[in-house]
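Engineer: Here's a structure for you.
Chains as they are written, first to last, in my numbering: chain A, 4 to 98; chain B, -12 to 302.
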């Protein structure tokens, strides 16, 4: 009694289960899609409105200043086609 | 201030492959929050769709540190977190509460009101999708008049609770309304709010395709129509000064507003109202009253006169 520290560090620590950000937290959501967006590069002016509005972050900026679509994860909501002022994105049925 | 879309950070703030429904306005909004505030953001998320969007452990669909907390404690948890950051000397961290309309107006309201009264240094964003969408579209106090939900299947009989005005009455530093249909406006407001110290509140309209019964492609369009019809005015209240946002200014004139029927007919939740002109008239009256209130506020809280500050100091 009276020797050693009053509080001892516990031998084991409880480690909280942390989730880390990663693509595909519920799998490849591209399979949810019924129609897919197709970009017509000749009509695309690179205004990036589709990139701004895409809820899923599946619109990718390409090196020539235009856009491409990540079909692995695109859920096919069609927001990009609806906001495009130049009709450069079309929804094509996949079923 | 004009935002160049090409200069906004091209980082994956929302991880693709999350559990959100197609056309979800919440993932849109979360991207804008991170675009505006940068990487120094910690989110506090009470129960709601945003807790589900993160997906299945050990992965997360939102690229930010998140504290998931119970409904009634979001603002108090953020208060404690901010105090802890200050004690650690990390003053530049933005603690952001990302709560739904139920977590703001109904269940989380006492914590929100308490934090606003103490003027805690946090940003509180209410993502208003106008019902409890996550649990199955039940009515909340922020559901508008006439809207169908699973608990108001003949249309809600009461009008929407005006939370931003309640927050202005608390005498907080910053209150704003925004819509996911106008992302640059929302980003500008967030950037302005991030430079202010004290309690900041932003009310973000987020049209939910599942609960409002419309085509997911129209999320942005419906959010814009809510502003264009005058139903959801965009304004900013900064430290005793009230002003309309540049986008909403032209809708002060009733003749420039789009007819409300354009907004209603897009949404399945208003389907039963379309052949009842007297019900539509009630919504039109509500819009007129909203703008009357805004005109009064513009007059009494006019920028550059310090009148608003004096009013709150006198109280």
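Built from N, CA and C at the ideal position, the CB exists for glycine as well. Given the structure is predicted, the values throughout are model-derived calculations rather than measurements.
(1) Put residue 274 of chain B into one of helix, strand or coil per three-state DSSP.
(2) Tell me where the alpha helix (DSSP H) around residue 82 of chain B begins and ends.
(3) According to DSSP, which residues form a beta bridge with residue 163 of chain B?
(4) Ends of the beta strand (DSSP E) at residue 151 of chain B?
(5) Can you find the residues in the same chain that come closer than 8 Å, C-beta to C-beta, to residue 27 of chain B, ignoring five residues on each side of it along the sequence?
(6) Determine, using beta carbons only, whether residue 126 of chain B and residue 199 of chain B come nearer to each other than 8 Å.
(7) Under 8 Å, Cβ to Cβ, is there at least one residue of chain A near residue 36 of chain B?
(8) What residues from chain A crowd round residue -8 of chain B, counting only those whose CB sits closer than 9 Å?
(9) Grab the span of the alpha helix (DSSP H) containing residue 176 of chain B for me, first residue to last.
(10) Quick check on the DSSP output: the beta strand (DSSP E) that includes residue 40 of chain A runs from which residue to which?
(11) Per DSSP, which one or two residues make a beta bridge with residue -7 of chain B?
(12) To the nearest angstrom, how far is it from the Cα of residue 234 of chain B to the Cα of residue 140 of chain B?
(13) Output needed for residue 223 of chain B: all residues of its chain with C-beta closer than 7 Å, excluding positions within five of it in sequence on either side, in chain order.
(14) What whole-angstrom Cβ distance do residue 219 of chain B and residue 254 of chain B have, given they're in contact under 8 Å?
(15) If the criterion is Cβ atoms closer than 8 Å, does the pair residue 84 of chain B and residue 61 of chain B meet it?
(16) Is it the case that the Cβ atoms of residue 137 of chain B and residue 12 of chain B are separated by a distance below 8 Å?
(17) Under the rule that 16 or more other beta-carbon atoms within 10 Å means buried, what is residue 30 of chain B, buried or exposed?
(18) With DSSP as the reference, label residue 23 of chain A as helix, strand or coil.
(19) May I ask you to list, following chain order, the residues of the stretch 75 to 94 of chain A that have a beta carbon less than 9 Å from some beta carbon of chain B?
(20) Given this structure, state the Cα-to-Cα distance separating residue 75 of chain A from residue 299 of chain B, to the nearest angstrom.
(21) Identify, in the order they occur along the chain, each residue of the same chain with its Cβ nearer than 8 Å to the Cβ of residue 174 of chain B, setting aside the five sequence neighbours on each side.
(22) Residues bridged to residue 55 of chain B by DSSP?
(23) Give every residue of the same chain whose Cβ lies closer than 6 Å to the Cβ of residue 53 of chain B, excluding the five residues on either side of it in the sequence, and list them in chain order.
(24) Given that residue 41 of chain B touches chain A, what residues does it touch there, using C-beta distances under 7 Å?
(25) Could you check if residue 17 of chain B is buried or exposed, using at least 16 other CB atoms within 10 Å of its CB as the buried criterion?
(26) Quick check on residue 118 of chain B: does DSSP put it in helix, strand or coil?
(27) Do residue 115 of chain B and residue 193 of chain B come within 8 Å of each other at the CB atom, strictly closer than that value?
(28) Residues in the same chain with beta-carbon distance under 6 Å from residue 41 of chain B, minus the five sequence neighbours each way, listed in chain order, please.
(29) How should residue 25 of chain B be labelled, buried or exposed, when 16 other C-beta atoms within 10 angstroms of its C-beta is the threshold for buried?
(30) Assuming residue 36 of chain A contacts residue 79 of chain A under a Cβ cut-off of 8 Å, what Cβ separation, rounded to an integer in Å, is found between them?
(31) Taking only beta-carbon positions, decide if residue 97 of chain A is within less than 8 Å of chain B.
(32) Please go through the same chain and pick out, in chain order, the residues whose beta-carbon is closer than 8 Å to the beta-carbon of residue 50 of chain A, but skip the five residues on each side of it.
(33) At 9 Å on the CB atoms, spell out the chain A contacts of residue 18 of chain B, in chain order.
(34) Shortest alpha-carbon distance to residue 153 of chain B belongs to which of B:282, B:251, B:104?
(35) Just reading off the beta strand (DSSP E) that residue 292 of chain B is part of, what are its end residues?
(36) Going along chain A, which residues have a C-beta under 7 Å from residue 11 of chain B?
Structural biologist: Result, derived from the coordinates:
(1) Residue 274 of chain B falls in the helix class under three-state DSSP.
(2) Taken as a continuous stretch (DSSP letters only), residue 82 of chain B belongs to no alpha helix (DSSP H), being part of the beta strand (DSSP E) at 81 to 87.
(3) Answer is B:189, B:223, bridged to residue 163 of chain B.
(4) Taken as a continuous stretch (DSSP letters only), residue 151 of chain B belongs to no beta strand (DSSP E), being part of the alpha helix (DSSP H) at 150 to 156.
(5) 79, 80, 81
(6) no
(7) no
(8) 50, 51, 52, 54, 55
(9) Note, residue 176 of chain B: alpha helix (DSSP H), 170 to 181.
(10) 38 to 42
(11) Beta-bridge pairing links residue -7 of chain B to no other residue.
(12) 34 Å
(13) 163, 176, 230, 232
(14) Actually they do not touch by this definition, with Cβ atoms about 14 Å apart.
(15) For residue 84 of chain B and residue 61 of chain B, yes; Cβs fall inside 8 Å.
(16) No, the Cβ-Cβ distance between residue 137 of chain B and residue 12 of chain B is not below 8 Å.
(17) The residue is buried, with at least 16 neighbouring Cβ atoms inside 10 Å.
(18) strand
(19) 75, 76, 77, 78, 79, 80, 81, 82, 83, 84, 85, 86, 94
(20) 54 Å
(21) Closer than 8 Å at Cβ, skipping near neighbours: -10, -5, 19, 22, 23.
(22) B:32, per the DSSP bridge assignment.
(23) 30, 32
(24) 22, 28
(25) buried
(26) coil
(27) yes
(28) 47, 48, 49
(29) exposed
(30) Rounded, the Cβ-Cβ distance is 3 Å, consistent with contact.
(31) Chain B, which has no Cβ nearer than 8 Å to the Cβ of residue 97 of chain A, makes this no.
(32) 88, 89
(33) 55, 57, 58, 60
(34) Closest by alpha carbon: B:104.
(35) Careful: residue 292 of chain B lies outside any beta strand (DSSP E) and carries neither H nor E.
(36) Correct list: 58.
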